[in-house]
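Just below is one structure, and these are the notes that go with it.
Number of protein chains: 2
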Amino acid sequence: MAIIAIDMMGSDFGCEELAKSVKQYLSESTDKILAFGDKTRLESLFDGLDRVTIVETSDVIPMEIKPLDFLRRKDSSLYKALSAVKDQKADCVVTAGSTGGAIIGSTFLLRNIPGVTRAGICAPFPTRIKDKACVILDIGANNVNTPEDLYTFAKLGRIYSQEVLKVSNPKTYLLSNGVEEGKGTEEIVQAYNLLKERSFPGFEGNCEARNVLDGSHDIIITSGFTGNVFLKATEGVASMMNQMIKDAFKHSLFTKIGYLFARSGFKLIKDTMDYRKYGGSILLGINGVVVKAHGNSNAYAFYNAIKVAKKMVDSNIVKKITEAFYVE
Amino acid sequence: MAIIAIDMMGSDFGCEELAKSVKQYLSESTDKILAFGDKTRLESLFDGLDRVTIVETSDVIPMEIKPLDFLRRKDSSLYKALSAVKDQKADCVVTAGSTGGAIIGSTFLLRNIPGVTRAGICAPFPTRIKDKACVILDIGANNVNTPEDLYTFAKLGRIYSQEVLKVSNPKTYLLSNGVEEGKGTEEIVQAYNLLKERSFPGFEGNCEARNVLDGSHDIIITSGFTGNVFLKATEGVASMMNQMIKDAFKHSLFTKIGYLFARSGFKLIKDTMDYRKYGGSILLGINGVVVKAHGNSNAYAFYNAIKVAKKMVDSNIVKKITEAFYVE
Chain A
1 MAIIAIDMMG
11 SDFGCEELAK
21 SVKQYLSEST
31 DKILAFGDKT
41 RLESLFDGLD
51 RVTIVETSDV
61 IPMEIKPLDF
71 LRRKDSSLYK
81 ALSAVKDQKA
91 DCVVTAGSTG
101 GAIIGSTFLL
111 RNIPGVTRAG
121 ICAPFPTRIK
131 DKACVILDIG
141 ANNVNTPEDL
151 YTFAKLGRIY
161 SQEVLKVSNP
171 KTYLLSNGVE
181 EGKGTEEIVQ
191 AYNLLKERSF
201 PGFEGNCEAR
211 NVLDGSHDII
221 ITSGFTGNVF
231 LKATEGVASM
241 MNQMIKDAFK
251 HSLFTKIGYL
261 FARSGFKLIK
271 DTMDYRKYGG
281 SILLGINGVV
291 VKAHGNSNAY
301 AFYNAIKVAK
311 KMVDSNIVKK
321 ITEAFYVE
Chain B
329 MAIIAIDMMG
339 SDFGCEELAK
349 SVKQYLSEST
359 DKILAFGDKT
369 RLESLFDGLD
379 RVTIVETSDV
389 IPMEIKPLDF
399 LRRKDSSLYK
409 ALSAVKDQKA
419 DCVVTAGSTG
429 GAIIGSTFLL
439 RNIPGVTRAG
449 ICAPFPTRIK
459 DKACVILDIG
469 ANNVNTPEDL
479 YTFAKLGRIY
489 SQEVLKVSNP
499 KTYLLSNGVE
509 EGKGTEEIVQ
519 AYNLLKERSF
529 PGFEGNCEAR
539 NVLDGSHDII
549 ITSGFTGNVF
559 LKATEGVASM
569 MNQMIKDAFK
579 HSLFTKIGYL
589 FARSGFKLIK
599 DTMDYRKYGG
609 SILLGINGVV
619 VKAHGNSNAY
629 AFYNAIKVAK
639 KMVDSNIVKK
649 ITEAFYVE
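Line by line, the protein sequences are chains A and B. Just so we're aligned: 243 in the numbering used here is position 243 of the first sequence, and the numbers increase by one with no gaps anywhere. Just so we're aligned: 527 in the numbering used here is position 199 of the second sequence, and the numbers increase by one with no gaps anywhere.
If you want it as structure tokens, here you go:
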């Protein structure tokens, strides 16, 4: 049985949407929920649910926040939720709030696991192959990363892929501007050498951004700035093309009729590309399980984010990362 | 009347495909062509065309080439085509061959325009708005760039946008991991400050990769490594989704019938997203006009690449860049 701390206040859709996810999750598990947020609203949402404990908070961390400001806002839902993990009152945190706040809070309150030079945000991406995710880190916890940081990300990504996604022999690549050895920035070239010299298991060399999502890559290592550009470029094109598909079917009476016939095929695209099924991104390398759902997560996405957190708790990932970085 | 040097040997589809483009182009203009490549093959392709002069070459630059190796291969089609511009026997070069070769050759043979710290590759991207391109540079001539390089790219991009694409008041953005001032790598932050301090016309601040192609951005400035990741990420997702659309229509008899009704709508997507209409990318900042078509350009794409080169010659862009960098 796990105790899951939920920041009820960060979502673009309000705590009503998140409450739906929590209720669905509870109906399928025996876990307990600590719900952080506005007491009056949460009481009306969770009325009579005995496995939900409401913790009153009076503040919400805004999307953009500086480290010192975060530390002053001790009454915020995110600060209190993270503190619950720190104080061992909860096993994990799920939030749809500020990414910056989640990183700052995790780093200050939970701390990096000893030996982890930098924690990273790891995001599972949908690929061409249905239900096969490719995990990419870092997608924005950092700006520039040293070669040792990139090596750390490779270790973190591998443990996540094996222990949580249950990929037995994941293939790891460095994101670069060409597949050949020697391509990329100085950091990439040096990270390549580190991974090769230390015989990193499953290291397959560089990969180019155009092949990342073809379904043959399990783990992609990148510095935070580049990862963030990659994430947003793929989001941008995918959402542009989705809109174009909608427009194409609305083009004329004929195309509308076409939709009636073709929609079963297009449902497959929607299912394959739906990042909501992956729940959110994960902070890897810190002393605790923190899952960051997208700010515009609907109930389905947030429900999946809770499931990811639970899987991470069950797989004992923090302990496994601690051991992996201790023995080295 | 322009004299256009064409590297006939670099295309994935062979010189037969490129010859189609040349013939179409000649049928619509009074320009002359210098065709560099295998004499026997080219003679049979251009038999009787009096505005085509064939220049025999015995070597082809491979896709991956080191600077010193390029300089030794003086009998290659690309080396000779670039030399023709250097020796003022041609006004511009169009090649579908090695990008690295085109950069090395242009830099060594044609040289940077005085004052240009770094030349960049500028690529026009299709956007959500039909026939509205967004130009992005650098997309891979460099790895990491200094803030001054990024400022140079902004100047080059603005001249290209105004003089060749005829955008009267182009909006320029820095590609970063957030729109707020202060976001991004150290280089981005410093480039932001330079553009702001020097009141760069049309500078609109940072932009995120997800908004680049929404049709409201004219020029995007980025270091070569990041630009290359952006380029390939968008290519990758677009081609993945195109394949998925095809698969969706092939899914069943119903979806196939759907295609018959809906195809007019989907033709619009194809037209809007077709990068082939933009012909290729452009080397900006060197003493000459060099257009690099995609290696897998079909006749239509290569024809458009020739038209881009001609437009650049007509707009006198090299002279305008020279003046812009001289007066500063």
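Glycine residues also receive a C-beta, built at the ideal position from the N, C-alpha and C atoms. Source: prediction; values computed, not measured.
- Note on geometry: alpha-carbon atoms of B:Y479 and B:I441 lie some 15 Å from one another.
- Residue burial annotation: A:T172 is buried, with at least 16 other C-beta atoms found within 10 angstroms of its C-beta.
- Here A:I220 is bridged, per DSSP, to A:I136, A:Y173.
- Scanning chain A for C-beta atoms nearer than 8 Å to the C-beta of B:S580 yields S264, G265, reported in chain order.
- Look at B:V422 here: in three-state DSSP terms it is strand.
- Sequence-ordered contacts of the segment 595-627 of chain B with chain A read L596, I597, T600, M601 [C-beta pairs closer than 8 Å].
- A contact is defined here as three or more CB-CB pairs under 8 Å, and the segment 88-107 of chain A fails this definition with respect to the segment 241-253 of chain A.
- About 4 Å separates the Cβ atoms of A:A119 and A:G285, confirming a contact at the 8 Å cut-off.
- The DSSP-derived three-state label of B:L541 is coil.
- At a cut-off of 8 Å, the C-beta of A:V237 has a neighbouring C-beta in chain B.
- B:N570 is positioned such that its CB atom lies no closer than 8 Å to that of B:G468.
- Residue contact with chain A for B:R369: absent (no Cβ-Cβ distance below 8 Å to any residue of chain A).
- Within the segment 279-304 of chain A, the beta strand (DSSP E) runs of at least 3 residues that lie entirely inside it are, in chain order, 281-284, 289-292.
- Per the DSSP secondary-structure output, A:D7 pairs in a beta bridge with A:F36, A:T95.
- Unbroken beta strand (DSSP E) runs of no fewer than 3 residues, entirely contained in the segment 364-420 of chain B, are found at 380-384, following chain order.
- Between A:A19 and A:F46, the C-beta spacing is below 8 Å.
- Here the C-alpha atom of A:K310 lies approximately 8 Å from the C-alpha atom of A:I4.
- Of the candidates A:H294, A:E43, A:K267, A:H294 places its Cα closest to the Cα of A:K232.
- Distance from the CA atom of B:K367 to the CA atom of B:D403, rounded to whole angstroms, is 13 Å.
- Taking the C-beta atoms as reference points, A:V308 is found no nearer than 8 Å to A:I269.
- Out of B:C462, B:R401, B:S625, the CA that lies nearest to the CA of B:G433 is found in B:R401.
- Here A:P170 is actually not in contact with A:S176; their C-beta atoms are around 19 Å apart, not less than 8 Å.
- Looking from the CA of A:A191, the closest CA among A:A209, A:I220, A:E163 belongs to A:I220.
- Taking a beta-carbon distance threshold of 8 Å, A:F230 counts as an interface residue toward chain B.
- Minimum Cα-Cα distance from A:P67 among the listed residues A:I33, A:S27, A:F108 corresponds to A:F108.
- Under the Cβ distance rule, B:T474 does not count among the residues neighbouring chain A, no pair being separated by less than 8 Å.
- In the structure shown, A:E16 falls within a helical segment according to DSSP collapsed to helix, strand and coil.
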